[in-house]
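Enquirer:
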Amino acid sequence: MAEACLAVGVDGRTMAHDLRHVAANSPIAAGLSVAAVWALLRHSSPVETLEVYTHLWPTDEECTRDEIGRASVSWVAAR
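The numbering of the sequence shown is my numbering, which starts it at 228 and goes up by one.
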């Protein structure tokens with residue numbers, strides 16, 4: 228692992244599990260579903276994926292606020 232970290236220029240204290248979290252964070256941030264992340268990480272069930280990573284998915288409130296913001300910008304731009 229230390230050699231791989233050195234090869235890509237990251238701190239040698241990076242552990243394989245840290246890289247797994249990056250592999251989960253990126254698709255979640257991109258808006259992928261629980262099912263997609265579950266399949267990627269090969270957890271035993273989607274429940275396991277949610278138990279570990281649920282805090283990374285945006286809340287409904289965040290999604291609603293973001294969507295209203297996007298709609299408002301589009302509405303103002305169209306005027």
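Glycine included, each C-beta is placed from N, C-alpha and C at the ideal position.
Taking Y280 as the reference, which of C290, A243, C232, V249 has the closest Cα?
Expert: Minimum Cα distance to Y280 is reached at V249.
Enquirer: Apply the 10 Å Cβ neighbour rule to W265 and answer buried if 16 or more other Cβ atoms are within range, or exposed otherwise.
Expert: Buried, because 16 or more other Cβ atoms sit within 10 Å of the Cβ of W265.
Enquirer: Which residue marks the beginning of the alpha helix (DSSP H) containing T291, and which one marks its end?
Expert: Residues 287-305.
Enquirer: How many Å lie between R297 and E230 at the Cα?
Expert: Spanning the two alpha carbons is a distance of roughly 44 Å.
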